[in-house]
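2 protein chains.
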Amino acid sequence: MDRSKKSSQRRRANVNIHDVARRARVSIATVSRVVNRIPSVDPELAKRVWKAVDDVGYVPNTQARALVSGRSRILGLIVSEITNPFFPELVQEFENLAVAQGYEVMIGSTNYNTERTESLIRRMLQRSVDGVAVMTFGIEEELVHTLVDHGFPLVFVDAGPELPNVRVLKVNYGDGIREAVQHLAALGHRQIAFISGPLQMRTAAIRRDAFRNAMAELGLTVPATSMVEGKHTMESGKAAMEQLMKTPAPPTAVVCSNDMTAIGVLHALDETTHQVPKDISVVGFDDIHLAQFMLPPLTTVQMSCRDLATAAVEALRAGIESDHPKFVQREWPIQTRLVVRRSTDFPRGSLPAQSKVAAKGAARPATSAK
Amino acid sequence: MDRSKKSSQRRRANVNIHDVARRARVSIATVSRVVNRIPSVDPELAKRVWKAVDDVGYVPNTQARALVSGRSRILGLIVSEITNPFFPELVQEFENLAVAQGYEVMIGSTNYNTERTESLIRRMLQRSVDGVAVMTFGIEEELVHTLVDHGFPLVFVDAGPELPNVRVLKVNYGDGIREAVQHLAALGHRQIAFISGPLQMRTAAIRRDAFRNAMAELGLTVPATSMVEGKHTMESGKAAMEQLMKTPAPPTAVVCSNDMTAIGVLHALDETTHQVPKDISVVGFDDIHLAQFMLPPLTTVQMSCRDLATAAVEALRAGIESDHPKFVQREWPIQTRLVVRRSTDFPRGSLPAQSKVAAKGAARPATSAK
DNA sequence: TAGAAACTGGTAAGCGTTTCCCGACTCTTC
DNA sequence: GAAGAGTCGGGAAACGCTTACCAGTTTCTA
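Those protein sequence lines, which keep their order, are chains B and W. So the first sequence is numbered by the numbering used here: it starts at 19 and just counts up by one. So the second sequence is numbered by the numbering used here: it starts at 19 and just counts up by one.
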């Protein structure tokens, strides 16, 4: 009863700019100008056009728009794996910001798979995205090359090629990790171990170095057996912790390169008689949503998704919309900070009970657990 | 050195079909036919064209294609909240399947927010998606209306309007929940409580009814105090469990309407002296990834993301590509089944130790914990 | 009051495809 | 050897929009 209107074949275009023009008794050029808010149109006329738009229910066709303007108003977002809880949060923020700026976002996960990644890039090319944010936290060389060749604005995390259209989100791992180490040291820990991510992943190496430096600053040494390489997964975290417990002088605290690793550590300890935090303190990194849901809720270094997303979208927009893309800053700083929850405490028997409260207060910075 | 080629203004189109045509010394029509694998082209000629395509690095422009063909080859996917761990898994599967069929997917989350949802639908309309899967597990009436009016293929979960272009994924909650109840009953539980989702959410009501029926089948009664309404969140699960423990005869087992609720229950119990599963057994629903990472790993009713995604994509494709969309089946069944992990066990002291093993074997169906 | 400047709004040329229609060519067949 | 059937491939018309260019009006200045 309603769809008989225009069913020449299968669904064809809805109403178009001509319908609006006819109804408002103006040319299509004027409609276009009104819709795009080009100020040279008489306000009265504009009002008439808007009314017509409303009356006929006109929605501009993005494909046509993109075709003629050369910009798709789509931003690509490449992450490692969408099922890793860190990323949905990032995606969400990114999407909100992009949409607020009139962009759509095309999401893809590499799953650490070259073939998949290549197809992903090809897809983005085909849809002619206006720019791509690569938030994989690991440089995958080929990916970089393919993308760079095509000349559209690019954003990487931590490091990226020295090219005019590339911006880099510089995460300040040092601050957060130093806070974590100092927090543990203030609680009385001296034997602090570190479970890193896969070291060929650049971000993993950077985090590890940040840990080493923070320890050195406090004059604490880290025996080789206290540095274990994991894979940023729960399983690897569990395995790493089991290995740490076998060493002659097991640590009283463990700092992990990401939260999933820390969760693995919690699991490993759950299978022993050790309790967290009474026997061993655990610190994660990322502050994924899940961290606060663990038992006990995880003390962790927060890397704000919102900050990351904001910087990424802004850097991309700057590259796309600026008249002088060359002069846009190349590096965008991102802060990290410790969030203290319940997985860290004094090492067993380290302090007399009555001084605990004071020390605790001192050792626990900004306890904003959410 | 390379980009001087064609930089009339800001980045303009790369190579186009004309370039290929020129190089292969054919018309653009032929190139189009070759690229679209229309069989009426002489194989030799086709080979020449493919070579030209390769030589000049031609990538068809999707916008133009979409403009003329009227199909964007984009599938819309609407979920409730991408940060709820259930959804990324669904998104991933959906995307894989869609891409395999040559579609791109446009994801959006409603966040239970009407305004946001409206803008989302407007965006999808603008990008002229070929179809939309609404996987929110809750009917939001306005959403439905807006979508339905536009006539493109639609997929809903559980229930949807009776319209020719609408397909419905019918989840068989009954089977999985019955398995869960029988599992608990077999272990010896009689006082089994249920924490539902928000009951105005259709899926929540269905799950609750499935629980009631399963209990009735076993001749077990459910006192009103053992049915608590939650909100499908961790916080609400925690609150509900606290309420349950205050009742005169607290349950020995709790079935939850989703996993997040169950996780909340775990948290509530963690703050008491009750242990899971020794004192209380807990069963979730969904089998989110996280479920197996809990302490203890959660026994839960699995609703397979892959099944859901597969059905959604297929139903959508059927609506889009079929010559006779009317004859495509309206209902697509989805199974559920129990996955037994470690959060369920005998009620304390219910069975003598020596018979445990046997009972356990009997009571634990298909223990495929991953 | 004439002429220039400032505004408005219309015409039409693409943007890169797909696809209809038709002509050219190759085979058959009588 | 010519006519009819069957292939193949090219020309050109959309698809819906933006925007350069231009023409008509109005307003301002000398």
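Built from N, CA and C at the ideal position, the CB exists for glycine as well. Keep in mind it's a predicted model, so treat the numbers as computed, not measured.
inquiry  = I need the DSSP call for B:Glu349, collapsed to helix, strand or coil.
reply    = Working through the first sequence from its first residue, we reach residue 349 of chain B at position 331. In this structure, B:Glu349 counts as strand in the three-state DSSP scheme.
query = Is the Cβ-Cβ distance between W:Pro269 and W:Arg360 less than 8 Å?
reply = Here the question's residue 269 of chain W lines up with position 251 in the second sequence. Here the question's residue 360 of chain W lines up with position 342 in the second sequence. No, the Cβ-Cβ distance between W:Pro269 and W:Arg360 is not below 8 Å.
ask   = Mapping DSSP to helix, strand and coil, what is B:Val77?
value = Sequence index remark: in the first sequence, residue 77 of chain B carries index 59 (1-based). Coil, per DSSP.
query = Does the beta-carbon of W:Lys256 have 16 or more other beta-carbons within 10 angstroms, so that it is buried, or is it exposed?
reply = Taking the first residue of the second sequence as 1, we reach residue 256 of chain W at position 238. So W:Lys256 counts as buried.
request  = Pull up the CB-CB distance for B:Gly156 and B:Arg220, whole angstroms please, since I reckon it's below 8 Å.
outcome  = The residue you call residue 156 of chain B lines up with position 138 of the first sequence. The residue you call residue 220 of chain B lines up with position 202 of the first sequence. Indeed, because the Cβ distance is near 6 Å, the residues count as touching under 8 Å.
message = Against W:Val300, what residues of chain B qualify as contacts under a CB-to-CB distance less than 8 Å, listed in chain order?
response = Within the second sequence, residue 300 of chain W is the residue found at index 282, counting from 1. Residues of chain B passing the Cβ test: none, with the nearest at roughly 13 Å.
ask   = Are the stretch 201-219 of chain W and the stretch 164-176 of chain W touching by the rule of at least three beta carbon pairs closer than 8 Å?
value = The stretch 201-219 of chain W vs the stretch 164-176 of chain W: no contact.
inquiry  = If you follow the alpha helix (DSSP H) that B:Thr132 is in, where does it begin and where does it stop?
reply    = Numbered from its first residue, the first sequence carries residue 132 of chain B at position 114. Unbroken alpha helix (DSSP H) run through B:Thr132: 132-144.
task = Would you list the residues sitting across from B:Glu247 in a DSSP beta bridge?
result = Position 229 of the first sequence, counting from 1, holds the residue named residue 247 of chain B. According to DSSP, which records beta bridges pairwise, B:Glu247 is partnered with B:Ser214.
query = B:Arg355 lies in the beta strand (DSSP E); which residues open and close that run?
reply = Your numbering for residue 355 of chain B matches position 337 in the first sequence. Unbroken beta strand (DSSP E) run through B:Arg355: 354-357.
Whole-angstrom distance between B:Tyr130 and B:Val6, CA atom to CA atom = Limits of chain B in this structure are 19 at one end and 388 at the other, which puts residue 6 of chain B out of reach.
B:Ala387 burial status per 10 Å Cβ neighbour count (16 or more: buried) = Taking the first residue of the first sequence as position 1, residue 387 of chain B is located at position 369. Since pLDDT at B:Ala387 reaches only 39, below the 50 mark, its modelled position is unreliable, and no value is offered.
ask   = If we ignore side chains and look at the alpha-carbon of each, how far apart do W:Asp72 and W:Val86 end up?
value = Taking the first residue of the second sequence as position 1, residue 72 of chain W is located at position 54. Taking the first residue of the second sequence as position 1, residue 86 of chain W is located at position 68. Their Cα atoms are separated by approximately 24 Å.
inquiry  = Three or more C-beta pairs under 8 Å: does that hold for the stretch 95-115 of chain W against the stretch 59-73 of chain W?
reply    = no
ask   = Beta-carbon separation of W:Gln320 and W:Arg366 under 8 Å?
value = Here residue 320 of chain W is taken as the residue at index 302 of the second sequence, counted from 1. Here residue 366 of chain W is taken as the residue at index 348 of the second sequence, counted from 1. For W:Gln320 and W:Arg366, no; Cβs fall outside 8 Å.
query = chain W partners of B:Pro103, CB-CB under 7 Å?
reply = Here residue 103 of chain B corresponds to residue number 85 of the first sequence, with the count starting at 1. Chain W residues near B:Pro103: Pro103.
ask   = If you follow the alpha helix (DSSP H) that B:Phe104 is part of, which residue opens it and which one closes it?
value = On the first sequence, residue 104 of chain B is found 86 positions in, with the first residue counted as 1. Where B:Phe104 is concerned, the enclosing alpha helix (DSSP H) stretches over 104-118.
task = Could you tell me whether the Cβ atoms of W:Val123 and W:Leu93 are closer together than 8 Å?
result = Translated into the one-based positions of the second sequence, residue 123 of chain W becomes position 105. Translated into the one-based positions of the second sequence, residue 93 of chain W becomes position 75. Yes, Cβ-Cβ distance for W:Val123 and W:Leu93 is below 8 Å.
ask   = Between which two residues does the beta strand (DSSP E) carrying B:Gln320 extend?
value = The sequence position of residue 320 of chain B within the first sequence is 302, counting from 1. 317-321 is the extent of the beta strand (DSSP E) around B:Gln320.
key: Contact residues within the stretch 300-334 of chain W, judged by C-beta distance below 7 Å to chain B   = His307, Leu308, Phe311, Leu313
ask   = Using a beta-carbon distance cut-off of less than 8 Å, what residues from the stretch 68-90 of chain W approach chain B?
value = Val77, Pro78, Asn79, Thr80, Gln81, Ala82, Ala84, Leu85, Gly88, Ser90
task = Please list the residues of the stretch 127-154 of chain W that have a C-beta atom closer than 8 Å to any C-beta atom in chain B, keeping them in chain order.
result = Ser127, Ser137, Arg140, Arg141, Leu143, Gln144, Arg145, Ser146
request  = Could you please give the first and the last residue of the uninterrupted alpha helix (DSSP H) stretch that includes W:Glu235?
outcome  = Here residue 235 of chain W corresponds to residue number 217 of the second sequence, with the count starting at 1. Start and end: 220-235.
ask   = Is the CB of W:Met245 under 8 Å away from at least one CB in chain B?
value = Stepping through the second sequence from its first residue, residue 245 of chain W is reached at position 227. So no, W:Met245 is outside the interface.
key: B:Leu95 - partner residues in DSSP beta bridges   = By 1-based counting over the first sequence, the position of residue 95 of chain B is 77. Paired residues: B:Ile125, B:Ala151.
inquiry  = Please state the DSSP three-state secondary structure of W:Gly169.
reply    = By one-based count along the second sequence, residue 169 of chain W stands at place 151. In this structure, W:Gly169 counts as coil in the three-state DSSP scheme.
ask   = Which term fits W:Gly75, buried or exposed, when burial requires 16 or more other beta carbons within 10 angstroms of its beta carbon?
value = Numbered from 1 along the second sequence, position 57 holds the residue referred to as residue 75 of chain W. That one is exposed.
ask   = For W:Leu308, which of helix, strand or coil comes out of DSSP?
value = Residue mapping note: residue 308 of chain W aligns to position 290 of the second sequence, counting from 1. In this structure, W:Leu308 counts as helix in the three-state DSSP scheme.
Neighbour flag for B:Gln110 against chain W, beta carbons, 8 Å = For the purposes of this step, residue 110 of chain B is taken as residue 92 along the first sequence, with counting starting at 1. With its beta carbon less than 8 Å from one in chain W, B:Gln110 belongs to the interface.
key: For W:Arg185, the residue or residues it bridges with in DSSP   = Here residue 185 of chain W is taken as the residue at index 167 of the second sequence, counted from 1. Paired residue(s): W:Val173.
key: Spatial neighbours of B:Thr362 in its chain, beta-carbon cut-off 8 Å, leaving aside the 5 residues before and after   = Counting from 1 along the first sequence, the entry for residue 362 of chain B is found at position 344. Contacts found: His201, Leu202, Leu205, Ala271, Pro295, Ser299, Val300, Val301, Thr317.
query = Taking DSSP as the reference, what is the three-state secondary structure of W:Ser50?
reply = Here residue 50 of chain W refers to the residue found at position 32 when the second sequence is read from its first residue. W:Ser50: helix per DSSP, three-state reduction.
inquiry  = Quick check: what's the CA-CA separation for W:Val283 versus W:Met245?
reply    = If you number the second sequence from 1, residue 283 of chain W lands on position 265. If you number the second sequence from 1, residue 245 of chain W lands on position 227. C-alpha separation (whole angstroms): 14 Å.
message = Distance cutoff 8 Å, beta carbons only. Does B:Asp288 sit that close to anything in chain W?
response = Within the first sequence, numbered from 1, the residue matching residue 288 of chain B stands at position 270. With 8 Å as the cut-off, B:Asp288 counts as an interface residue toward chain W.
message = Quick check: what's the CA-CA separation for W:Val33 versus W:Asn79?
response = As a first step, residue 33 of chain W must be located in the second sequence, where it is residue number 15. As a first step, residue 79 of chain W must be located in the second sequence, where it is residue number 61. Going from the Cα of W:Val33 to the Cα of W:Asn79 covers about 10 Å.
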